[in-house]
Every structure is written in C-alpha cells, then in structure tokens.
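Peer 1:
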Amino acid sequence: MHADVFDRYHESESRLHRLDPRVKVAVTVLFILSNALLPDGAWSAFGLTWLLLVWANHLSRLGVDFSFRRSFLALPFALAATSAVFSPLGNPLAEWRLGPLTLIPTDYGLVKFFSILVRSWLSVQAAILLVAVTRFPDMIHAFEHLRVPKILTTIIAFLYRYLFVLADEVVRLLRARESRSAAAPGVRSARSVLWRAKVTGNLAGQLFLRSYERSDRIHNAMLARGYDGNLRTLNLHVMKPGDWSFFSMCVILILLLQLIGRL
Amino acid sequence: MNSPLPLHIPDGFLTVIISGVFWAVTIVMVGIAISKTNKSLGEKQVPLMGVMAAFIFAAQMLNFPVAGGTSGHFLGGALAAIVLGPWAAMLVMTAVIGVQALLFQDGGLLAMGANIFNMGILTAAIGFGLYRGVSGRTRKIRLAVAGCAAWLAVVASALITSLQLWLSGASQLQIVVPAMLGVHILIGLGEALITVAALTFIERTRPDLLNQESVTEKGGRGWIVAGVIVSIGAVLLSPFASTHPDGLERVAEDMGFLHLGQSAPYRLLPDYTIPFLGATPLSTIVAGVVGALVVLGLAFVLGQSLRKAGR
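Residue numbers (my numbering), protein chains in the order written: chain A, 4 to 266; chain B, 3 to 313.
And the structure:
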C-alpha cells in the first residue's frame with residue numbers, strides 16, 4: 004500500500020500552504036467554535052461563513068469547490084439529528100402516523116435541524132481544508148507549540164508513522180483470510196457468525212502481537228540512532244508578521260460573523 | 003475504512019456548553035493519565051503506545067460479515083484497556099480519536115472532548131474495571147467478563163452519545179435512545195466476540211502480557227469500583243431511558259440540565275441564570291462556566307480518590 008492512501012495533504016504553492024501551522028489550527032478551531040455559537044436560524048451569518056470558506060478555498064489554490072466536494076462525510080450522522088424535527092417546543096406543522104408513533108414536525112424543530120446540518124457541514128469543510136494545506140508532521144508541531152502535552156503529540160506522531168505499516172499488515176491478514184476462504188458456486192462457504200467472529204478475533208490478536216513486537220524493534224532501532232525522547236524537525240516554525248496579520252484578520256472576520264448572527 | 007463510525011459525533015451537533023463540559027472532564031482525565039504514565043512507565047512505553055494506537059486504528063479496518071450486508075465492526079476500547087491498562091489505553095484512544103478527527107474528519111474538533119470521553123475514558127473504566135475485578139479467576143470467567151465488558155462498553159458509549167445529542171437539542175430522547183441502543187446492542191455483540199477471540203489468542207501466545215500480576219500492576223482496585231459503578235449506571239439507565247423517556251426528561255428538567263442545551267447559550271436560557279446578575283447574557287455565560295467548574299471539580303476529586311485507591 005502506498006503511504007498516500009491515508010495522507011490528506013495536497014501539495015501546492017499558496018498563501019494558506021505557507022502559513023504557520025499554528026495559525027491554521029487556531030483559525031480552524033475558532034471557525035468551528037463560531038459555527039457552534041451562532042444561534043439557530045442565523046441564515047445570513049451562515050451564508051457569510053460559507054463565503055469565508057469559499058474565499059479560503061480560493062486562497063489555497065486547490066479550487067473553489069475543493070472542500071465542498073469532500074464534505075459529505077458527516078452526512079450519515081445527520082440521521083441522528085432528524086428527530087430534532089419533531090421537537091415539541093415549536094408550533095406543529097403536520098401530523099404523521101407511523102404505526103404506534105405519531106410524529107409532529109414543528110417549525111422550531113425544522114429550523115433546529117437545518118441549523119445543525121449547516122453547522123456540521125461548514126465545520127467539516129474547515130477541517131478538510133486544514134489537513135489539505137498542512138503537512139501532518141507540521142500540524143503535530145503546531146499542537147506542541149499550542150501546549151498539547153508532549154507525550155500525546157509523540158504518540159500521535161508514532162501513530163501517523165506506523166499507521167501505514169500496520170495498515171499493510173491488515174491488508175496482508177485480510178488477503179490471507181480471503182485466499183483460504185474459497186467458495187464454490189452455490190455452496191455456502193462461510194460457517195456460523197460465531198466462527199467468523201472468532202476468525203476475525205484471531206486476526207485482531209495476531210495484529211496486536213505483530214504490532215507489539217514490532218514496537219520493540221522500532222524502539223531499539225530508534226535508540227541506535229540516538230533517540231532521546233524528542234522528535235526533531237528542520238522546520239523551525241517562527242511566526243512571521245504575515246502570519247500575525249492573517250490571524251488577526253481571521254479573528255476580526257469571525258467576530259463580525261458573530262455580530263451579524265445576533266442582529 | 004473511511005465511513006464515519008456511528009459513535010463519532012461531528013461538529014455542529016453538540017452545543018458549546020455540552021462540548022465544553024466534556025472537554026473539561028476529558029482534559030482532567032487525560033491529564034491524570036499523562037502524569038500516571040509519566041511516573042510509572044519508562045520512556046520505552048511511548049513508542050509502544052504510539053504503535054498500539056496505530057494498532058487500534060488498523061484493527062478498526064477488520065470487519066466480518068454478520069448478516070444482510072451489515073458487518074461487525076471493531077472499536078477496540080475495551081481490548082486496549084485490558085491489555086495496556088486503563089491509563090495507557092486512555093492516551094492511546096485519545097490519539098486515535100484525535101487523528102480520526104484531524105485526518106479523516108471522523109468526528110469533530112469541538113466535539114472531540116465528548117468523543118474521547120465516550121470512546122476512550124468510559125470504555126477504559128468499564129473494560130479494565132470489570133476485567134480487573136476477576137483477574138485472579140479462571141480463564142473462562144475472565145474471558146466471559148471481558149466479553150461482557152466489551153459489549154457493555156459499546157452500549158454505554160452509545161447511551162452517553164445519545165444523551166449528549168439529546169441535551170444539545172439535536173435529537174428527541176424517545177427516538178434517539180432506542181435507535182442508538184438498538185444498533186449498538188448488535189454492534190456490541192461483534193465487539194465482544196472479537197475481543198474474546200483476540201484475548202484468547204494473545205493469552206495462548208504471550209501469556210506474560212495478561213497474567214494476574216501484570217493486570218494488577220496497571221491499575222489499582224479503584225478501577226474495579228469505577229468500572230462497576232459506570233456499568234451499573236449504564237445498565238440501569240438504558241432501559242429507563244428507552245422505556246420512560248418522559249421520566250428522564252423530567253429529572254433533567256428538575257436538575258436544570260435540559261436548558262443547558264436547547265440552543266446557543268445566549269438565547270433560550272431563561273431559567274439558567276445566576277440570580278444576582280439577573281437574566282443577562284453574562285449571567286448565562288457565568289452559569290455555564292460555574293457548571294463546567296463543578297463537573298471539573300467532581301472529576302478531579304474522583305481522580306484523586308482513584309489515585310489513592312490505586313496505591
């Protein structure tokens with residue numbers, strides 16, 4: 004498997020790519036927080052927020068609809084919010100009978116539901132854009148600068164490195180399972196669910212032991228290369244005046260959005 | 003691999019207050035986990051935990067066909083807690099959930115505190131707590147309890163997820179609880195089967211990782227108490243929430259929880275104010291902060307007593 008299967012970074016030369024990763028992380032978090040703080044039904048503010056996103060997409064030179072095209076990930080979860088439509092707090096709009104259930108959609112519920120959808124749709128796009136314009140190791144460094152404990156960032160750095168290796172391991176295990184599960188046409192090949200779960204459990208156990216023993220070897224190899232508990236980078240990450248001004252501009256824009264949302 | 007798991011809450015579903023409260027609890031618990039692991043584990047353990055985090059991530063790619071096109075899915079919280087110990091498992095699951103949110107947008111950033119709590123902290127308490135309680139018993143009992151713990155961990159995560167959605171006003175209690183529990187009672191069965199099979203396999207090949215001594219070393223008796231309390235809570239609350247949603251709603255109303263989440267904190271919170279500040283936006287914000295601090299304090303006290311019990 005190639006390493007870029009999991010990598011979401013898109014190589015390009017743009018203002019957003021060059022920006023200090025700290026600024027990008029902080030602005031993304033503020034942006035998502037702002038979405039959560041906007042009141043339900045603040046459609047004009049939501050619209051302007053979307054324009055801000057389009058502008059950021061444009062700045063990244065990845066295409067104005069870059070994040071839009073990838074933004075339907077969170078949609079399955081919207082199912083959980085559909086029941087908000089039937090919130091008892093508003094005026095009833097209709098009455099649907101569904102077996103023993105009587106469902107009454109209300110105006111308040113509808114506004115709530117669409118606000119949730121819009122919020123999550125905007126937020127997920129910001130996160131998509133963040134990983135597209137920031138290399139993951141840079142992002143980890145940004146978190147270190149933003150005072151996330153080092154043990155966590157180190158675990159995440161290792162996770163990122165060995166994810167590719169272990170994913171390969173999973174592919175090998177699954178391929179082995181496939182190749183031993185031959186099926187003749189019209190003959191049931193698999194046995195009971197219990198048996199299938201047991202096979203999968205054996206795969207999980209096998210994967211665990213391979214990972215566990217591999218981590219031993221990794222640690223020895225790292226010590227041999229002079230590992231002292233710090234992961235180093237050649238990228239020094241110094242905040243430049245341009246980074247500060249971009250950050251302040253984004254903060255002002257987000258504050259403006261909040262103001263508009265409350266008018 | 004990339005399909006959002008049903009328990010990863012994206013951004014936009016939880017209100018700021020609910021997100022903040024669970025972030026606060028999560029930060030306290032992960033903070034304790036960090037100081038614990040820094041003290042008790044060598045520097046060698048960090049690469050181990052990193053690779054283990056990658057293991058959980060990769061193991062979630064393992065699935066097995068159940069019936070009718072659906073497939074059982076592995077979450078791994080309970081297994082991680084049993085094999086690595088609760089504190090290490092918490093850090094590992096935090097890293098996994100963090101990367102899922104950052105890299106794959108599987109779960110939100112603001113909602114990450116809640117996601118870590120649901121899938122990392124709760125599962126560690128249930129998974130390790132129950133297993134620790136029977137660590138000296140026969141193999142059959144241990145495996146049976148591990149299976150139950152894995153199942154219960156999934157069900158408890160689903161329950162708390164639906165409660166968070168309900169408190170945020172994103173779902174109706176009488177719909178979301180039965181729906182989430184119904185799905186996850188089945189998913190949990192797959193989780194239990196895989197966990198038991200994996201543990202059997204590990205015990206057979208590396209018995210040193212799971213012997214009584216190494217299990218008791220990883221976490222103190224406090225974990226048994228925590229695990230049992232959380233489990234009993236989940237077991238009692240699940241049927242109550244699905245059969246008497248009105249009752250739960252009334253309890254929440256009486257305790258002032260319900261208003262926490264109805265909307266953005268500034269607008270629809272007439273009852274949730276600090277008396278001497280009057281019904282101003284400031285008053286609501288202060289009330290929210292006070293609430294968060296109370297939960298934080300509770301979590302801290304709990305953590306301290308866990309620590310003492312652990313010695």
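Heads up, the beta-carbon is just placed ideally off N, CA and C, and yes, glycines get one too.
On a predicted model such as this, the values are computed, not experimentally measured, just so you know.
Output yes or no for whether 8 Å exceeds the beta carbon distance between Ile128/B and Val232/B.
Peer 2: yes
Peer 1: Alpha carbon to alpha carbon, what distance is there between Glu215/B and Leu104/B?
Peer 2: 37 Å
Peer 1: Can you pull out the residues from the region 138-168 of chain A whose beta carbon lies closer than 8 Å to at least one beta carbon of chain B?
Peer 2: Listed by position, the residues of the region 138-168 of chain A near chain B (Cβ gap below 8 Å) are Phe139, Met142, Pro152, Ile154, Leu155, Thr157, Ile158, Ile159, Ala160, Phe161, Leu162, Tyr163, Arg164, Tyr165, Leu166, Val168.
Peer 1: With DSSP run on the structure shown, which of helix, strand or coil describes Arg138/A?
Peer 2: coil
Peer 1: CA-CA distance, Gly112/A and Val198/B?
Peer 2: 43 Å
Peer 1: My guess is that Met121/B and Leu191/B are in contact by the Cβ rule of under 8 Å, so how many angstroms apart are they, rounded?
Peer 2: Incorrect: roughly 18 Å between the Cβ atoms, too far for contact.
Peer 1: How far does the alpha helix (DSSP H) with Arg21/A in it reach, from first residue to last?
Peer 2: 18-21
Peer 1: Since Thr105/A sits in a beta bridge, which residues does DSSP pair it with?
Peer 2: Arg100/A
Peer 1: Report yes if the C-beta distance between Ile166/B and Ala130/A is below 8 Å; otherwise report no.
Peer 2: Correcting the residue identity first, residue 166/B is Gln in this sequence and not Ile. Contact: no.
Peer 1: What residue does the alpha helix (DSSP H) around Arg199/A start on, and which one ends it?
Peer 2: 196-227
Peer 1: Counting only beta-carbon atoms, is Phe15/B nearer than 8 Å to chain A?
Peer 2: yes
Peer 1: Answer yes or no: do Ile118/B and Ala82/B have a C-beta to C-beta separation smaller than 8 Å?
Peer 2: no
Peer 1: Hey, how far is the Cα of Val227/B from the Cα of Ser170/B?
Peer 2: 30 Å
Peer 1: With a threshold of 16 other CB atoms inside 10 Å of the CB of Pro79/A, please say whether the residue is buried or exposed.
Peer 2: exposed
Peer 1: Which residues of chain A have a Cβ atom closer than 9 Å to the Cβ of Val27/B, listed in chain order?
Peer 2: Near Val27/B there are no residues of chain A at all, since even the closest Cβ is about 16 Å away, more than 9 Å.
Peer 1: For Leu132/A and Lys201/A, I'd like the C-alpha separation in whole angstroms.
Peer 2: 40 Å
Peer 1: Mark Gly14/B as exposed unless 16 or more other C-beta atoms lie within 10 angstroms of its C-beta, in which case mark it buried.
Peer 2: Buried, since its Cβ has 16 or more Cβ neighbours within 10 Å.
Peer 1: Less than 8 Å between CB atoms is the rule here; does Glu172/A satisfy it with respect to chain B?
Peer 2: yes
Peer 1: If we count Cβ pairs, one from each stretch, closer than 8 Å, do we get three or more for the region 43-54 of chain A versus the region 89-101 of chain A?
Peer 2: no
Peer 1: To the nearest angstrom, how far is the alpha carbon of Ala35/B from that of Val241/A?
Peer 2: In this structure, the straight-line span from the alpha carbon of Ala35/B to that of Val241/A is close to 31 Å.
Peer 1: Using 8 Å as the Cβ pair cut-off and three pairs as the minimum, do the region 19-36 of chain B and the region 178-194 of chain B touch?
Peer 2: no
Peer 1: State the Cα-Cα distance for the pair Pro88/B and Gly78/B, rounded to the nearest angstrom.
Peer 2: 13 Å
Peer 1: Measure the alpha-carbon distance for Ile196/B versus Gln209/A and round it to whole angstroms.
Peer 2: 12 Å
Peer 1: In the DSSP assignment, find the unbroken alpha helix (DSSP H) run with Asp246/A in it and report its ends.
Peer 2: 244-265
Peer 1: Are the beta-carbon atoms belonging to Ala135/A and Phe69/A less than 8 Å from one another?
Peer 2: yes
Peer 1: How far does the alpha helix (DSSP H) with Ile143/B in it extend, from its first residue to its last?
Peer 2: First-last of the alpha helix (DSSP H) with Ile143/B: 141-169.
Peer 1: Pick helix, strand or coil for Pro88/B, following the three-state DSSP scheme.
Peer 2: helix
Peer 1: Comparing C-alpha positions only, which one of Ile263/A, Phe249/A, Ile255/A sits nearest to Val26/A?
Peer 2: Phe249/A
Peer 1: Near Leu2/B, which residues of its chain fall below 8 Å by C-beta distance, leaving aside the five closest residues on each side in sequence?
Peer 2: Residue 2/B lies beyond the range of chain B shown here (3 to 313); nothing can be said about it.
Peer 1: If you drop the 5 nearest sequence neighbours on each side, which residues of the same chain put their C-beta closer than 6 Å to that of Ser126/A?
Peer 2: Apart from the 5 residues on each side of it in sequence, Ser126/A sits with its Cβ closer than 6 Å to the Cβ of Ile35, Asn38 in its chain, given in chain order.
Peer 1: Do Ala2/A and Gln174/B have their C-beta atoms within less than 8 Å of each other?
Peer 2: What the structure shows of chain A is the stretch from 4 to 266, and residue 2/A is not part of that stretch, so it cannot be assessed.
Peer 1: Can you tell me the Cβ-Cβ gap for Ile143/A and Asn40/B, rounded? I've got them flagged as a contact below 8 Å.
Peer 2: Actually they are not in contact, since the Cβ atoms of Ile143/A and Asn40/B sit about 19 Å apart, beyond 8 Å.
Peer 1: Quick one: which chain B residues come within Cβ less than 9 Å of Asn38/A?
Peer 2: Asp13, Gly14, Leu112
Peer 1: Select from Thr245/B, Ile189/B, Ser137/B, Val156/B the residue whose C-alpha is nearest the C-alpha of Val85/B.
Peer 2: Ser137/B
Peer 1: Do you know how far the Cα of His148/A is from the Cα of Asp23/A?
Peer 2: 11 Å
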